[in-house]
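Let me begin by presenting the structure, written as structure tokens, before commenting on it.
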Amino acid sequence: MRTDDFDYILPEERIAQAPAEPRDSCRLLVLHRENGRIEHKHFTDIVEYLEPGDLVVVNQTRVMPARLVGKKQNTGGVSETLLLKRREDIDALGGVWECLVNPGKRLKPGAVIEYRAGGLHAPDSAPVVLTGTIVDFVDDNRGGRLVRFEAQGDHTLDEAIHEAGHVPLPPYITQYEGDPEKYQTVYAMQDEHSAAAPTAGLHFTPELIETIKAKGVQWASVELEVGIDTFRLVTEDDPTKHVIHTERYHVAPEVVEAVKATKAAGHKVIAIGTTSVRSLESAWDNQIPAAEPPVVARRFEDVEDSAAMTHKGDMVARENATTNLYL
Numbered sequence: 001m002r003t004d005d006f007d008y009i010l011p012e013e014r015i016a017q018a019p020a021e022p023r024d025s026c027r028l029l030v031l032h033r034e035n036g037r038i039e040h041k042h043f044t045d046i047v048e049y050l051e052p053g054d055l056v057v058v059n060q061t062r063v064m065p066a067r068l069v070g071k072k073q074n075t076g077g078v079s080e081t082l083l084l085k086r087r088e089d090i091d092a093l094g095g096v097w098e099c100l101v102n103p104g105k106r107l108k109p110g111a112v113i114e115y116r117a118g119g120l121h122a123p124d125s126a127p128v129v130l131t132g133t134i135v136d137f138v139d140d141n142r143g144g145r146l147v148r149f150e151a152q153g154d155h156t157l158d159e160a161i162h163e164a165g166h167v168p169l170p171p172y173i174t175q176y177e178g179d180p181e182k183y184q185t186v187y188a189m190q191d192e193h194s195a196a197a198p199t200a201g202l203h204f205t206p207e208l209i210e211t212i213k214a215k216g217v218q219w220a221s222v223e224l225e226v227g228i229d230t231f232r233l234v235t236e237d238d239p240t241k242h243v244i245h246t247e248r249y250h251v252a253p254e255v256v257e258a259v260k261a262t263k264a265a266g267h268k269v270i271a272i273g274t275t276s277v278r279s280l281e282s283a284w285d286n287q288i289p290a291a292e293p294p295v296v297a298r299r300f301e302d303v304e305d306s307a308a309m310t311h312k313g314d315m316v317a318r319e320n321a322t323t324n325l326y327l
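According to full-length UniProt numbering, the sequence shown is numbered sequentially starting from 1.
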């Protein structure tokens with residue numbers, strides 16, 4: 001298998017730059033696996049393919065304003081910073097983040113970046129609400145940095161990040177300037193943890209969810225914090241050599257029981273998008289006989305024992321885990 005096996009032509013004019021309105025009016029491609037027949041539907045038609053007793057599993061994570069655009073102090077050079085994760089092991093108060101910065105070569109330890117209110121389009125007259133000081137290199141200096149952020153004025157750190165930050169959009173969306181809430185699912189939790197949205201879930205509306213539930217379909221939520229690696233280009237010829245970071249996920253005990261009961265009753269478990277799939281796959285123990293289909297926490301290759309040290313029946317709550325899915 002080679003990376004270029006996945007190459008295909010996608011004309012730029014075919015890439016939507018704004019969401020459909022309403023959300024569930026977008027198109028839905030249906031592939032009938034038994035005969036290969038393809039149908040073109042609308043997303044609201046998904047109800048037709050769900051049966052009473054089935055279980056829909058969604059990722060309820062919320063996207064944080066993880067994209068910061070500022071200027072280097074003293075030189076005025078423009079810099080982009082993408083927040084990856086808080087490094088509370090370095091600063092218990094949450095001021096140090098692991099980030100990707102661009103341009104990376106110019107940002108060495110000691111460099112200071114100023115971020116203004118309004119972020120990307122802020123005029124020079126806008127107040128500086130946040131500063132970031134480069135602390136160290138991470139990720140073999142491939143743009144990875146430890147950055148210590150400090151709020152300016154009367155802002156808290158989180159307030160300053162919201163004042164200056166933007167929701168990171170995929171690189172193929174270049175023109176959208178609309179409501180950032182359109183890039184959140186309608187069922188997103190209040191706490192913000194992800195660098196990108198679980199995009200497969202963006203098409204659900206509250207009305208569609210109620211229609212699905214009214215049909216007797218169950219609804220469950222997991223949380224997987226989508227990392228910025230979702231935007232990272234695969235540059236290796238062999239895709240299995242592509243280095244990708246771990247992601248934190250949480251599958252609650254009640255979701256475990258719902259999955260077990262649904263499978264035992266012979267119904268379908270429908271995971272919405274690859275992030276929901278990764279959460280369930282990472283929690284599934286395939287060493288247990290099929291007659292007893294539990295979802296339990298597992299240990300994972302290349303992850304420290306402390307990351308997923310659990311026993312049968314336990315769940316991993318906000319811990320690092322890896323997956324071998326390439327989707």
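All C-beta atoms, glycine included, are put in the ideal place defined by N, C-alpha and C.
Query - Residue interval of the beta strand (DSSP E) (run including His-193) - result: 192 to 194 is the span of the beta strand (DSSP E), which, as asked, contains His-193.
Query raised in the report: With distances taken between CB atoms, is the gap from Gly-143 to Val-101 smaller than 9 Å?
Result: Cβ distance < 9 Å, so Gly-143 and Val-101 count as in contact.
Query raised in the report: For Thr-185 versus Val-58, is the C-beta distance shorter than 9 Å?
Result: Thr-185 places its beta carbon less than 9 Å from that of Val-58.
Query raised in the report: Whose C-beta lies closer than 8 Å to the C-beta of Pro-22 among residues of the same chain, with five residues either side of it excluded?
Result: So the list reads Thr-205, once near-sequence residues are dropped.
Query raised in the report: DSSP state of Phe-300, grouped into three classes?
Result: Residue confidence for Phe-300 is low, a pLDDT of 35 falling below 50, so the modelled location carries little weight and cannot support an answer.
Query raised in the report: Where in the stretch 80 to 128 do unbroken runs of the alpha helix (DSSP H), each at least 4 residues long, occur, reported from the N-terminal end onward?
Result: Those alpha helix (DSSP H) runs which fall completely within the stretch 80 to 128 and span 4+ residues do not exist here.
Requested in this report: Please name the residue in Val-222, Asn-74, Ile-134 whose C-alpha comes closest to that of Gly-273.
Outcome: Distances from the CA of Gly-273 to each of Val-222, Asn-74, Ile-134 were compared; the closest alpha carbon is that of Val-222.
Query raised in the report: Under the rule that 16 or more other beta-carbon atoms within 10 Å means buried, what is Thr-275, buried or exposed?
Result: Buried, since its Cβ has 16 or more Cβ neighbours within 10 Å.
Query - Cα-Cα separation between Glu-304 and Ala-261, rounded to whole angstroms - result: Since pLDDT at Glu-304 reaches only 38, below the 50 mark, its modelled position is unreliable, and the value read off the structure follows with that caveat. A straight-line Cα-Cα distance of about 32 Å links Glu-304 and Ala-261.
Query raised in the report: How about residue 412 and Gly-95: are their beta carbons less than 9 Å apart?
Result: Any property of residue 412 remains undetermined from this structure, which presents the chain solely from 1 to 327.
**Report entry** Exposure label - Glu-34; buried when at least 16 CB within 10 Å
**Finding:** It counts as exposed.
Query raised in the report: Would the beta-carbon of Val-69 fall within 9 Å of that of Tyr-115?
Result: Yes; because the gap between Cβ atoms is below 9 Å, this pair is in contact.
Query - Exposed unless 16 or more other CB atoms sit within 10 angstroms - verdict on Pro-171 - result: Exposed, because fewer than 16 other Cβ atoms sit within 10 Å of the Cβ of Pro-171.
Query raised in the report: Straight-line CA distance for Ser-306 to Glu-247?
Result: At Ser-306 the pLDDT is 30, less than 50, meaning the model places this residue with poor confidence; the figure from the coordinates comes in the next sentence. Cα to Cα, the separation comes out at about 15 Å.
Query raised in the report: On the three-pair Cβ rule with 8 Å, is the stretch 44 to 61 touching the stretch 207 to 225?
Result: Put simply, the stretch 44 to 61 touches the stretch 207 to 225. At least three CB pairs are less than 8 Å apart.
Query raised in the report: Would you report the Cα separation of Ala-283 and His-193, rounded to the nearest angstrom?
Result: Those two C-alpha atoms are separated by around 20 Å.
Query raised in the report: To the nearest angstrom, how far is it from the Cα of Ile-161 to the Cα of Ile-9?
Result: Whole-angstrom Cα-Cα distance: 38 Å.
Query raised in the report: Can you tell which of Val-147, Glu-163, Asp-237, Asp-229 has its C-alpha closest to the C-alpha of Thr-129?
Result: One detail in the question is off: residue 129 reads as Val in this sequence, not Thr. Of the candidates Val-147, Glu-163, Asp-237, Asp-229, the residue whose Cα lies closest to the Cα of Val-129 is Glu-163.
Query raised in the report: Excluding sequence positions up to five away, which residues of its chain have a Cβ less than 6 Å from the Cβ of Gly-104?
Result: Cβ within range, chain order: Gly-143.
Query raised in the report: Which of helix, strand or coil does DSSP assign to Tyr-176?
Result: Here Tyr-176 sits in coil by DSSP.
Query - Pair within 9 Å by beta-carbon distance, Pro-180 and Ile-228 - result: In this structure, Pro-180 keeps its C-beta atom at 9 Å or more from the C-beta atom of Ile-228.
Requested in this report: From the DSSP output, read off the bridge partner residues of Thr-133.
Outcome: Paired residue(s): Val-112, Arg-148.
**Report entry** Buried or exposed (CB count within 10 angstroms, at least 16 for buried), Tyr-249
**Finding:** So Tyr-249 counts as buried.
Query raised in the report: Anyone know if the C-beta pair for Leu-28 and Ile-15 falls short of 9 Å?
Result: The answer is no: Cβ separation not under 9 Å.
Query raised in the report: If you check the beta carbons only, do Arg-239 and Arg-2 fall under 9 Å apart?
Result: For the record, residue 239 in the displayed sequence is Pro; it is not Arg. Contact flag set, yes.
Requested in this report: Output the boundary residues of the alpha helix (DSSP H) element that contains Val-255.
Outcome: 253 to 264 is the span of the alpha helix (DSSP H), which, as asked, contains Val-255.
Query raised in the report: Looking at Gly-165 and Glu-67, is the spacing between their C-beta atoms short of 9 Å?
Result: It should be pointed out that residue 67 corresponds to Arg in this sequence rather than to Glu. It is a contact, given that the beta carbons lie within the stated cut-off.
**Report entry** Residues that Val-186 bridges to, as DSSP identifies them
**Finding:** According to DSSP, which records beta bridges pairwise, Val-186 is partnered with nothing at all.
Query raised in the report: Who pairs with Ser-221 in a beta bridge, going by DSSP?
Result: Ser-221 pairs with Val-58.
Query raised in the report: Are the CB atoms of Ala-220 and Leu-55 nearer to each other than 9 Å?
Result: Against a cut-off of 9 Å, the Cβ pair of Leu-55 and Ala-220 comes out as a contact.
Query raised in the report: Does DSSP classify Leu-202 as helix, strand or coil?
Result: In the structure shown, Leu-202 falls within a helical segment according to DSSP collapsed to helix, strand and coil.
Query - Of the listed residues Ile-270, Pro-19, Val-243, nearest to Tyr-176 (C-alpha basis) - result: Nearest C-alpha to Tyr-176: Pro-19.
Query - Classification of Ser-279 by the beta-carbon crowding that lies within 10 angstroms, buried from 16 upward - result: It is buried - the Cβ of Ser-279 has at least 16 other Cβ atoms within 10 Å.
Query - Three-state class that DSSP yields for Tyr-8 in the structure shown - result: Tyr-8 carries a coil assignment under DSSP once its states are collapsed to helix, strand and coil.
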